[in-house]
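Let me begin by presenting the structure, written as structure tokens, before commenting on it.
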Amino acid sequence: MAKTKIYFWLKIDKKFFDNIFIKRLKTVPGGYTMTVIYIRLMLESLESDCILYYEGYFDNLKEELALKLDVSEDDIDMTMAYFTKCGLIQVDEDKNAELPQAKALVESETNWANYKREQRKKAKLEEVQPSLTISNSCPTEIEKEIEIEKELEEEIEKKTFSAPTAEISNYYQKRIGVMDGQQYQILTDYLTLDGMELEVIKIAIDKAADNGKRSFSYINSILKNWRQNGIRTMVQVEDEQRLFQQKKQGQSDDDIQDPFIY
Numbered sequence: 001m002a003k004t005k006i007y008f009w010l011k012i013d014k015k016f017f018d019n020i021f022i023k024r025l026k027t028v029p030g031g032y033t034m035t036v037i038y039i040r041l042m043l044e045s046l047e048s049d050c051i052l053y054y055e056g057y058f059d060n061l062k063e064e065l066a067l068k069l070d071v072s073e074d075d076i077d078m079t080m081a082y083f084t085k086c087g088l089i090q091v092d093e094d095k096n097a098e099l100p101q102a103k104a105l106v107e108s109e110t111n112w113a114n115y116k117r118e119q120r121k122k123a124k125l126e127e128v129q130p131s132l133t134i135s136n137s138c139p140t141e142i143e144k145e146i147e148i149e150k151e152l153e154e155e156i157e158k159k160t161f162s163a164p165t166a167e168i169s170n171y172y173q174k175r176i177g178v179m180d181g182q183q184y185q186i187l188t189d190y191l192t193l194d195g196m197e198l199e200v201i202k203i204a205i206d207k208a209a210d211n212g213k214r215s216f217s218y219i220n221s222i223l224k225n226w227r228q229n230g231i232r233t234m235v236q237v238e239d240e241q242r243l244f245q246q247k248k249q250g251q252s253d254d255d256i257q258d259p260f261i262y
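Residue numbering for the sequence shown follows full-length UniProt numbering, beginning at 1 and increasing consecutively.
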């Protein structure tokens, strides 16, 4: 079965450039570059709930972002400093950067929704300019096709919000607290798109709660690390923890990294 893809984009209109902080950059040396980098940072954050996570590969987040965007560290530093001062970039204690304005501008849809939207657009065009292909189709047949498509769409929606995905929401709220729609989408993507077992996601939630790290970013960091390391089943999680314990027996605590601590 084909995986459901989710497309994200920023809806930027004239109001964005009328923002006083953006307009001010017109009079600042390097302001145009900073504006472009800021927009690219927002785009970079879309698939992670509008948060740029510090992954620890370099000394700080700015170095990582400079490499990702292929821009100079000076330009990143200048951009981060300006928009942090304006409150449009908020850096937390874990060195992650949240972009609140991106949350207000982001829009998304699944590939199925995109397909249906394009299909409806095409159908409207055919109504205005009937082709020879459908000229002999009776209204009853067309209505049946629409009903079948509607039933298929409803069936897919039911599968999308199946029991396992609903359990993620319930379990998160039970152990951590209230979650928003984008956080829910990110967690369910680990299940539906990345193929992680439900129990793997729940164990990440447990580890966050048990370590007193009741934040979505902490849970997402664990799951993101596991995904990068190909860990998707409870057997793999247990193997990782067992390997950690074996290493711990022969080394000091400072020499090794607990796979559950980030």
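Yeah, the Cβ is synthetic: ideal placement off N, Cα and C, and Gly gets one too.
Nonlocal neighbours in the same chain, by C-beta distance under 7 Å from Val-91, ignoring five residues either side: Thr-84, Ala-97
Contact set for Arg-214: own chain, Cβ-Cβ below 6 Å, skip 5 residues either direction: Ile-176
Own chain residues within Cβ distance below 7 Å of Ile-219, not counting five before or after: Ala-204, Ile-205, Ala-208
With 16 other Cβ atoms within 10 Å as the buried cut-off, status of Glu-64: buried
Contacting residues, own chain, Cβ-Cβ under 7 Å from Thr-188 (five flanking each side not counted): Thr-165, Ile-168, listed in sequence order.
Three-way DSSP call (helix, strand, coil) for Val-237 in this model: For Val-237, the secondary structure class from DSSP, reduced to helix, strand or coil, is helix.
Residue-level contact to chain D via CB, Tyr-82, 8 Å cutoff: As a matter of chain content, chain D is missing from the structure shown, which is built from one protein chain.
The stretch 56–74 touching the stretch 193–201, judged by at least three CB pairs closer than 8 Å: no
Counted within 10 angstroms of its Cβ, other Cβ atoms place Trp-226 as buried (16 or more) or exposed: buried
Reference Cys-86, options Tyr-190, Thr-33, Asn-19, Gly-230, closest by Cα: Asn-19
The alpha helix (DSSP H) enclosing Ile-89, as first and last residue numbers: Segment: none, Ile-89 is in no alpha helix (DSSP H) and carries neither H nor E.
Counterpart residues of Ala-204 in DSSP-defined beta bridges: None, per the DSSP bridge assignment.
From Ile-76, Val-235, Glu-240, residue whose alpha carbon lies closest to that of Gly-31: Ile-76
Gln-182 beta carbon less than 8 Å from that of Asp-49: yes
Distance between Asp-239 and Pro-100 (C-alpha atoms, nearest Å): 38 Å
Same chain only: Cβ atoms within 7 Å of Tyr-57, ignoring 5 sequence neighbours per side: Glu-64
Arg-242 versus Glu-55 - alpha carbon distance: Near 24 Å, if we compare the C-alpha coordinates of Glu-55 and Arg-242.
Simplified DSSP assignment, three categories, for Ile-51: In the structure shown, Ile-51 falls within a strand segment according to DSSP collapsed to helix, strand and coil.
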